[in-house]
Amino acid sequence: MTAPIAIIGTGIAGLSAAQALHVAGHEVQLFDKSRGSGGRMASKHSDVGALDLGAQYFTARDRRFVDAVQQWQARGWVAEWKPSLYHSKNGQLSASPDEQVRWVGSPRMSAITRAMLGALPVHFSCRITEVFRGRQHWNLQDAEGQSHGPFSHVVIAAPAPQASALLAATPKLAGAASSVVMEPTWAVALAFANPLDTKVDGCFVQDSPLDWLTRNRSKPGRDGNPDTWVLHASSSWSKHHLDMPKEAVIEQLHGAFAELIDCAMPAPIFSLAHRWLYARPASAHQWGSLADADLGLYACGDWCLSGRVEGAWLSGQDAARKLLAHLQ
Ligand code: FAD
Ligand code: NAI
1 MTAPIAIIGT GIAGLSAAQA LHVAGHEVQL FDKSRGSGGR MASKHSDVGA
51 LDLGAQYFTA RDRRFVDAVQ QWQARGWVAE WKPSLYHSKN GQLSASPDEQ
101 VRWVGSPRMS AITRAMLGAL PVHFSCRITE VFRGRQHWNL QDAEGQSHGP
151 FSHVVIAAPA PQASALLAAT PKLAGAASSV VMEPTWAVAL AFANPLDTKV
201 DGCFVQDSPL DWLTRNRSKP GRDGNPDTWV LHASSSWSKH HLDMPKEAVI
251 EQLHGAFAEL IDCAMPAPIF SLAHRWLYAR PASAHQWGSL ADADLGLYAC
301 GDWCLSGRVE GAWLSGQDAA RKLLAHLQ
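Quick note: the sequence shown uses the UniProt record's numbering, first residue 1, plus one each step.
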């Protein structure tokens, strides 16, 4: 019997690879340091309901991803979001409608990766600290000192700075991963007892600490009280305020929101801040995925292509394709 394939990371890239390998008849085992799947597409449970603090929506431009999203839609995992979009520049708020099709997980962003994971075997709350090779197989060591294995191959689907540490067995791949700079994003969620009196569902922001804000209930399947909003700071603001206490981040971003929105801004009844340390790669790459096929070690994630959901999914497919091609 052949050993299973280990996949580190249950974000969309790791699950994309896992599904492709599973469909091709291979046994996979997944690991994630978090308590659930999704990574930057996870949704946080809170007193005011589920909050999409990371990816807000996604677009599908590559034919292969368009096909996958259509299947997800048919299964009810995603729905089209048709927001009333705005743009804010120099404090000027203006409607900014367009024809772009945008998708969201239904009824929350994490629904997609949860459905993709299905019944695949997974170890949550398991941070892998080392990937090492025995005579024939790979083994993983976790932060508790426990080892897992043997595995025939390992696919590392973590953000580049976390992947590079796990790629020590192949210095070339480790070097490529460590060359990728990933920028942070501060995210803030606010809830209001009474709905804000504005038509804005989503807003692209320039010349402000913010670069994006959205009304949660405008997305399909998320109606309900109270009225919750998610604000994202720009990369540069987030970098400059990386270690700011959460209360101060909430206060500053709430202030920036109040300045640009076209309605009265009450005090929120709920607030929360989350810092994404590795939110997005500073630049795009054309790697697809990284592979040392002779050793059986692969790395994938949004940082191998575009820093978007679509790029991450395509990268997972690319890693699986390279692995399967080498087996033939
Ligand atoms: P991740 O989702 O980061 O998954 C990696 C997983 O690996 C995580 O679950 C992590 O816990 C796990 N992991 C890491 N290290 C280890 C370890 N040592 N051991 C075990 N597990 C480990 N994209 C869009 O297309 N549209 C958007 O609107 C959008 N908005 C965004 C807003 C924010 C604030 C952020 C942060 C991202 C946004 N993105 C958006 C980007 C999108 O979320 C990512 O491109 C995509 O989700 C990345 O998927 P991934 O699988 O490559 O990585
Ligand atoms: P998209 O095509 O909707 O947006 C791409 C960019 O085009 C936007 O960032 C915005 O600047 C501009 N834009 C699009 N529609 C607009 C409109 N109607 N009015 C004004 N400007 C508009 O989606 P795509 O290409 O799939 O990008 C994904 C989104 O995810 C981007 O907004 C990106 O900034 C965001 N993202 C955020 C991250 C973070 O850490 N905050 C990380 C990765 C992606």
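We put the CB at the ideal spot given by N, CA and C, even for glycine. This structure is a prediction, so every number in the text was calculated from the model and none was measured.
For the pair W229 and L260, the CB atoms are not nearer than the 9 Å cut-off.
When distances are taken from the beta-carbon of R63 to the heavy atoms of the ligand FAD, even the shortest one reaches 8 Å or more. In this structure, H254 sits away from L120, with a CB-CB distance that is not shorter than 9 Å. Taking a cut-off of 8 Å for Cβ pairs, the segment 7 to 25 and the segment 39 to 49 touch, as three or more such pairs fall below it. Taking C-beta separations shorter than 6 Å and ignoring five residues to either side along the sequence, the partners of H123 in its chain run F31, following chain order. For K239, the enclosing alpha helix (DSSP H) has its first and last residue at S235 to H240. Remark: three or more beta-carbon pairs, one from each stretch, lie closer than 8 Å, so the segment 95 to 111 and the segment 58 to 70 are flagged as touching. At least one heavy atom of the ligand NAI lies less than 8 Å from the C-beta of Y57. A distance criterion of 8 Å places the beta-carbon of P195 beyond contact range of the ligand NAI, judged by its closest non-hydrogen atom. The DSSP-derived three-state label of F124 is coil.
DSSP, read as helix, strand or coil, puts E247 in helix. Excluding the 5 residues flanking it on each side, Q317 has same chain C-beta neighbours closer than 8 Å at S16, A17, A20 and R64, in chain order. At a threshold of 8 Å, F151 does not count as near the ligand FAD, since its beta carbon sits no closer than that to any of the ligand's heavy atoms. Contact check for F204 and S96: beta-carbon distance about 7 Å, within the 8 Å limit, so the pair qualifies. Annotation for L53: K44, A187, A189, V230 and H274 place their beta carbon closer than 7 Å to its own, counting only its chain and skipping 5 residues before and after.
Take the alpha-carbon of D207 and the one of L117: they are about 40 Å apart. Take S271, set aside five residues on each side of it, and the residues of its chain with a beta-carbon closer than 6 Å to its own are L190 and I250, in chain order. The residue from S94, A168, H137 and T198 with its alpha-carbon nearest to that of T129 is A168.
Secondary structure note for I112: its alpha helix (DSSP H) is the uninterrupted segment S110 to L117. Between the ligand NAI and the CB of E310, the shortest heavy atom gap is smaller than 8 Å.
Of the other Cβ atoms in all chains shown, 16 or more fall within 10 Å of the Cβ of N216; this residue is therefore buried. In this structure, DSSP gives P107 a state outside helix and strand, which the three-state scheme calls coil. Going by DSSP, D67 is part of no beta strand (DSSP E) but of the alpha helix (DSSP H) stretching over R63 to A74. Going by DSSP, W186 is part of the beta strand (DSSP E) stretching over M182 to F192. By alpha-carbon distance to W81, the top candidate from G25, T2, P220 and A267 is P220. Using a C-beta cut-off of 8 Å, the segment 146 to 160 makes no contact with the segment 193 to 202, since fewer than three inter-stretch Cβ pairs fall below that distance.
The DSSP assignment places complete beta strand (DSSP E) segments of no fewer than 3 residues inside the segment 275 to 319 at 290 to 292 and 297 to 299, in order along the chain. The three-state reading of DSSP puts I12 in helix, counting H, G and I together.
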